[in-house]
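Per the numbering used here, the sequence shown starts with residue 141, numbered consecutively.
Note that the Cβ used here is the ideal one computed from N, Cα and C, for glycine as well.
Bear in mind the structure is a predicted one, so any value in this text is a computation, not a measurement.
Notes to accompany the following structure.
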Amino acid sequence: MKKTVLLLAIFCSLLITANAQILRAEELEKYAKEKYGEKWIDAAKKLGTQLTLDKNNAITYVQVMEASGKDKEQLYVLLNYWFTSTFNDAKSVIKLNEKETGTIIAKGYVDNIAQHIGGANSYAVSITPIIKCDIKDEKVRVTYTIPYYSATLIVGGGWMSVLGGTPNYSAQRQDEKWVLDKCFPFAEKDKHKKTSSKSLIMAHAYSNVVMDKIEECIKNGLVGNENDNW
(Lines of atoms letter the chains of each structure in order from A and count residues from 1; the text may use other names and numbers.)
(Lines give C-alpha, C1' and ligand atoms only; values in the text may rest on other atoms or scores of the structure.)
Protein backbone atom coordinates (compact mmCIF):
# COMPACT_ATOMS: atom_id res chain seq x y z
CA MET A 1 0.00 0.00 0.00
CA LYS A 2 2.83 2.40 0.83
CA LYS A 3 4.46 1.75 -2.56
CA THR A 4 1.19 2.57 -4.31
CA VAL A 5 0.77 5.81 -2.40
CA LEU A 6 4.35 6.86 -3.12
CA LEU A 7 3.99 6.12 -6.85
CA LEU A 8 0.81 8.13 -7.10
CA ALA A 9 2.45 10.97 -5.19
CA ILE A 10 5.01 11.48 -7.97
CA PHE A 11 2.29 12.22 -10.48
CA CYS A 12 -0.01 14.05 -8.12
CA SER A 13 2.78 16.45 -7.20
CA LEU A 14 2.63 17.67 -10.79
CA LEU A 15 -1.06 18.38 -10.48
CA ILE A 16 -1.03 20.53 -7.35
CA THR A 17 1.80 22.92 -8.18
CA ALA A 18 0.63 26.42 -7.23
CA ASN A 19 0.30 29.01 -9.95
CA ALA A 20 -0.11 32.55 -8.69
CA GLN A 21 -0.67 34.38 -11.95
CA ILE A 22 -4.05 35.38 -13.39
CA LEU A 23 -5.85 32.02 -13.17
CA ARG A 24 -5.02 28.64 -11.73
CA ALA A 25 -5.53 25.64 -14.00
CA GLU A 26 -8.77 24.56 -12.29
CA GLU A 27 -10.24 28.05 -12.67
CA LEU A 28 -9.13 28.19 -16.29
CA GLU A 29 -10.73 24.80 -16.98
CA LYS A 30 -14.05 25.98 -15.55
CA TYR A 31 -13.88 29.07 -17.77
CA ALA A 32 -12.97 26.96 -20.82
CA LYS A 33 -15.84 24.52 -20.24
CA GLU A 34 -18.34 27.36 -19.89
CA LYS A 35 -17.11 28.95 -23.12
CA TYR A 36 -16.30 25.96 -25.34
CA GLY A 37 -18.00 22.94 -23.76
CA GLU A 38 -16.52 19.73 -22.35
CA LYS A 39 -15.99 17.79 -25.59
CA TRP A 40 -12.36 18.72 -26.05
CA ILE A 41 -11.76 17.00 -29.40
CA ASP A 42 -14.85 18.54 -31.01
CA ALA A 43 -14.01 21.97 -29.63
CA ALA A 44 -10.38 21.72 -30.80
CA LYS A 45 -11.39 20.57 -34.27
CA LYS A 46 -13.72 23.55 -34.63
CA LEU A 47 -11.17 26.00 -33.26
CA GLY A 48 -8.50 24.54 -35.53
CA THR A 49 -10.40 25.75 -38.59
CA GLN A 50 -9.98 29.32 -37.32
CA LEU A 51 -6.29 29.14 -36.40
CA THR A 52 -3.13 29.08 -38.48
CA LEU A 53 0.30 28.29 -37.10
CA ASP A 54 2.88 31.02 -37.68
CA LYS A 55 6.25 30.57 -39.41
CA ASN A 56 7.66 29.11 -36.18
CA ASN A 57 4.79 26.60 -35.89
CA ALA A 58 3.44 28.51 -32.91
CA ILE A 59 -0.03 29.88 -32.20
CA THR A 60 0.03 33.68 -32.18
CA TYR A 61 -2.79 36.10 -31.41
CA VAL A 62 -2.49 39.84 -32.02
CA GLN A 63 -4.90 42.49 -30.77
CA VAL A 64 -4.62 46.27 -30.98
CA MET A 65 -6.35 48.02 -28.09
CA GLU A 66 -7.40 51.65 -28.19
CA ALA A 67 -6.71 53.81 -25.14
CA SER A 68 -8.16 57.20 -25.94
CA GLY A 69 -6.70 60.07 -23.92
CA LYS A 70 -3.71 58.13 -22.56
CA ASP A 71 -0.25 58.86 -23.88
CA LYS A 72 2.61 56.39 -24.22
CA GLU A 73 4.10 57.16 -20.82
CA GLN A 74 0.78 56.78 -19.00
CA LEU A 75 0.13 53.45 -20.70
CA TYR A 76 3.63 52.25 -19.94
CA VAL A 77 3.19 53.01 -16.23
CA LEU A 78 -0.14 51.14 -16.11
CA LEU A 79 1.16 48.11 -17.98
CA ASN A 80 4.44 47.99 -16.11
CA TYR A 81 2.41 47.95 -12.90
CA TRP A 82 0.25 45.09 -14.24
CA PHE A 83 3.15 43.02 -15.58
CA THR A 84 5.28 43.33 -12.44
CA SER A 85 2.28 42.37 -10.29
CA THR A 86 1.38 39.40 -12.49
CA PHE A 87 4.67 37.86 -13.64
CA ASN A 88 6.70 37.74 -10.48
CA ASP A 89 7.78 34.21 -9.65
CA ALA A 90 10.36 31.69 -10.84
CA LYS A 91 8.26 30.41 -13.76
CA SER A 92 6.32 33.50 -14.83
CA VAL A 93 8.75 36.36 -15.36
CA ILE A 94 9.30 39.60 -17.27
CA LYS A 95 11.85 38.98 -20.02
CA LEU A 96 12.15 42.53 -21.40
CA ASN A 97 11.04 45.91 -20.12
CA GLU A 98 12.05 48.90 -22.28
CA LYS A 99 10.37 52.18 -21.38
CA GLU A 100 11.97 54.13 -24.22
CA THR A 101 10.72 51.81 -26.97
CA GLY A 102 7.49 51.07 -25.13
CA THR A 103 7.98 47.31 -25.13
CA ILE A 104 7.25 44.81 -22.37
CA ILE A 105 7.66 41.06 -22.84
CA ALA A 106 6.80 38.41 -20.26
CA LYS A 107 6.74 34.65 -20.10
CA GLY A 108 3.68 33.24 -18.38
CA TYR A 109 3.15 29.80 -16.90
CA VAL A 110 0.06 27.68 -16.33
CA ASP A 111 0.67 24.25 -14.86
CA ASN A 112 -1.44 21.14 -15.45
CA ILE A 113 -3.77 22.36 -18.19
CA ALA A 114 -4.25 18.74 -19.28
CA GLN A 115 -3.27 15.35 -17.92
CA HIS A 116 -3.49 11.64 -18.64
CA ILE A 117 -2.88 8.45 -16.70
CA GLY A 118 -2.30 5.52 -19.07
CA GLY A 119 -1.51 1.90 -18.47
CA ALA A 120 2.27 2.30 -18.51
CA ASN A 121 2.86 6.04 -18.20
CA SER A 122 1.24 9.22 -16.96
CA TYR A 123 1.82 12.82 -17.96
CA ALA A 124 0.77 16.39 -17.31
CA VAL A 125 0.86 19.32 -19.74
CA SER A 126 1.63 22.97 -19.02
CA ILE A 127 2.00 26.10 -21.17
CA THR A 128 4.50 28.96 -21.16
CA PRO A 129 2.86 31.70 -23.25
CA ILE A 130 4.87 34.73 -24.33
CA ILE A 131 2.98 38.02 -23.91
CA LYS A 132 4.34 41.13 -25.60
CA CYS A 133 2.98 44.67 -25.39
CA ASP A 134 4.04 47.39 -27.84
CA ILE A 135 2.96 50.78 -26.53
CA LYS A 136 2.19 53.99 -28.42
CA ASP A 137 0.14 57.08 -27.65
CA GLU A 138 -3.49 56.00 -27.20
CA LYS A 139 -2.98 52.39 -28.26
CA VAL A 140 -1.36 49.12 -27.27
CA ARG A 141 -0.64 46.11 -29.46
CA VAL A 142 -0.72 42.83 -27.56
CA THR A 143 0.91 39.72 -29.05
CA TYR A 144 0.23 36.41 -27.29
CA THR A 145 2.20 33.35 -28.44
CA ILE A 146 2.11 29.67 -27.51
CA PRO A 147 5.36 28.19 -28.90
CA TYR A 148 4.72 24.60 -27.74
CA TYR A 149 3.16 22.49 -24.98
CA SER A 150 5.42 21.35 -22.14
CA ALA A 151 4.73 17.75 -21.12
CA THR A 152 6.12 16.03 -18.05
CA LEU A 153 5.97 12.26 -18.42
CA ILE A 154 6.24 9.77 -15.60
CA VAL A 155 7.50 6.65 -17.34
CA GLY A 156 6.32 3.67 -15.34
CA GLY A 157 3.83 5.82 -13.48
CA GLY A 158 0.64 4.50 -15.07
CA TRP A 159 -2.20 2.58 -13.49
CA MET A 160 -0.69 -0.85 -14.28
CA SER A 161 2.36 0.00 -12.18
CA VAL A 162 0.12 1.06 -9.33
CA LEU A 163 -1.95 -2.11 -9.49
CA GLY A 164 1.17 -4.23 -9.80
CA GLY A 165 2.81 -2.62 -6.80
CA THR A 166 5.87 -1.42 -8.72
CA PRO A 167 8.28 0.47 -6.41
CA ASN A 168 8.06 4.24 -6.83
CA TYR A 169 11.80 4.57 -7.53
CA SER A 170 11.37 2.67 -10.80
CA ALA A 171 9.27 5.50 -12.26
CA GLN A 172 11.27 8.04 -14.24
CA ARG A 173 10.46 11.64 -15.11
CA GLN A 174 10.94 12.94 -18.65
CA ASP A 175 10.32 16.52 -19.81
CA GLU A 176 9.20 16.96 -23.42
CA LYS A 177 8.21 19.79 -25.74
CA TRP A 178 5.21 18.96 -27.92
CA VAL A 179 5.51 21.07 -31.08
CA LEU A 180 2.12 22.22 -32.26
CA ASP A 181 2.34 21.08 -35.87
CA LYS A 182 2.54 17.51 -34.52
CA CYS A 183 -0.48 17.95 -32.22
CA PHE A 184 -4.18 17.70 -32.98
CA PRO A 185 -5.95 19.45 -34.70
CA PHE A 186 -2.93 20.62 -36.73
CA ALA A 187 -1.89 16.98 -37.13
CA GLU A 188 -4.63 14.37 -37.48
CA LYS A 189 -2.39 11.50 -36.40
CA ASP A 190 -1.63 12.36 -32.79
CA LYS A 191 -1.41 9.63 -30.15
CA HIS A 192 -2.20 12.27 -27.51
CA LYS A 193 -5.24 13.53 -29.41
CA LYS A 194 -7.58 14.13 -26.47
CA THR A 195 -4.85 15.69 -24.33
CA SER A 196 -3.65 17.89 -27.21
CA SER A 197 -7.25 18.98 -27.80
CA LYS A 198 -7.74 20.04 -24.21
CA SER A 199 -4.35 21.76 -24.23
CA LEU A 200 -5.36 23.84 -27.25
CA ILE A 201 -8.68 24.90 -25.74
CA MET A 202 -7.07 25.77 -22.42
CA ALA A 203 -4.29 27.76 -24.13
CA HIS A 204 -6.85 29.60 -26.24
CA ALA A 205 -9.03 30.33 -23.20
CA TYR A 206 -5.99 31.69 -21.37
CA SER A 207 -5.31 34.05 -24.28
CA ASN A 208 -8.84 35.42 -23.88
CA VAL A 209 -8.28 36.01 -20.17
CA VAL A 210 -4.90 37.70 -20.73
CA MET A 211 -6.29 40.01 -23.42
CA ASP A 212 -9.26 40.94 -21.22
CA LYS A 213 -7.00 41.65 -18.22
CA ILE A 214 -4.69 43.88 -20.25
CA GLU A 215 -7.57 45.76 -21.86
CA GLU A 216 -9.15 46.32 -18.46
CA CYS A 217 -5.81 47.59 -17.14
CA ILE A 218 -5.21 50.15 -19.90
CA LYS A 219 -8.77 51.44 -19.73
CA ASN A 220 -9.45 51.42 -16.00
CA GLY A 221 -6.10 50.84 -14.28
CA LEU A 222 -4.98 47.88 -12.23
CA VAL A 223 -6.98 48.76 -9.13
CA GLY A 224 -9.22 51.48 -10.53
CA ASN A 225 -7.78 54.50 -8.72
CA GLU A 226 -4.74 55.37 -10.88
CA ASN A 227 -5.57 58.98 -11.69
CA ASP A 228 -4.57 62.50 -10.73
CA ASN A 229 -7.43 63.01 -8.27
CA TRP A 230 -5.61 62.43 -5.01
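DSSP state of residue i mapped onto helix, strand, coil
| i | result |
| --- | --- |
| Tyr171 | helix |
| Cys357 | helix |
| Lys317 | strand |
| Tyr216 | helix |
| His344 | helix |
| Ser336 | helix |
| Asp182 | helix |
| Ser262 | strand |
| Asp194 | coil |
| Tyr221 | helix |
| Cys273 | strand |
| Asp251 | strand |
| Lys331 | coil |
| Lys235 | strand |
| Tyr288 | coil |
| Glu240 | coil |
Top-ranked residue by Cα proximity to residue i, from the options
| i | options | result |
| --- | --- | --- |
| Leu193 | Ile244, Leu215, Pro287, Asn228 | Pro287 |
| Glu328 | Ala172, Glu178, Thr189, Gly177 | Thr189 |
| Phe324 | Glu167, Asn197, Met205 | Asn197 |
| Gly251 | Asn237, Ser225, Ala230, Glu240 | According to the sequence as given, residue 251 is Asp; it is not Gly. The shortest C-alpha separation from Asp251 is found at Ala230. |
| Ala345 | Asn261, Ile294, Lys239, Pro269 | Pro269 |
| Glu240 | Asp277, Gly361, Met205, Ile199 | Asp277 |
| Phe326 | Glu238, Leu191, Lys272 | Leu191 |
| Gly258 | Glu238, Ile294, Gln312 | Ile294 |
| Phe227 | His256, Ile271, Gln255 | Ile271 |
Between the CA atoms of residue j and residue i - distance to the nearest angstrom
| i | j | result |
| --- | --- | --- |
| Lys359 | Tyr221 | 14 Å |
| Ala246 | Met351 | 14 Å |
| Lys322 | Ala183 | 18 Å |
| Thr243 | Ile267 | 22 Å |
| Ala291 | Val319 | 11 Å |
| Val282 | Leu219 | 11 Å |
| Met342 | Lys235 | 23 Å |
| Leu163 | Gly209 | 30 Å |
| Lys353 | Val280 | 13 Å |
| Lys173 | Ala165 | 12 Å |
| Asp211 | Val217 | 10 Å |
| Gly361 | Phe223 | 12 Å |
| Glu169 | Tyr176 | 10 Å |
| Asn348 | Gln203 | 11 Å |
| Ile199 | Glu316 | 18 Å |
| Asn261 | Leu187 | 29 Å |
| Lys179 | Arg313 | 29 Å |
| Ala207 | Glu238 | 20 Å |
| Tyr263 | Glu213 | 44 Å |
| Gln255 | Cys273 | 31 Å |
| Lys185 | Glu167 | 23 Å |
| Lys195 | Tyr171 | 30 Å |
Test item: CB-CB of residue i and residue j under 8 Å
| i | j | result |
| --- | --- | --- |
| Tyr289 | Tyr201 | no |
| Ile181 | Lys334 | yes |
| Ser225 | Gly248 | no |
| Glu355 | Met205 | yes |
| Ile253 | Leu215 | no |
Supposed contact pair residue j and residue i - C-beta distance, whole angstroms, cut 8 Å
| i | j | result |
| --- | --- | --- |
| Ser337 | Val265 | Incorrect: roughly 11 Å between the Cβ atoms, too far for contact. |
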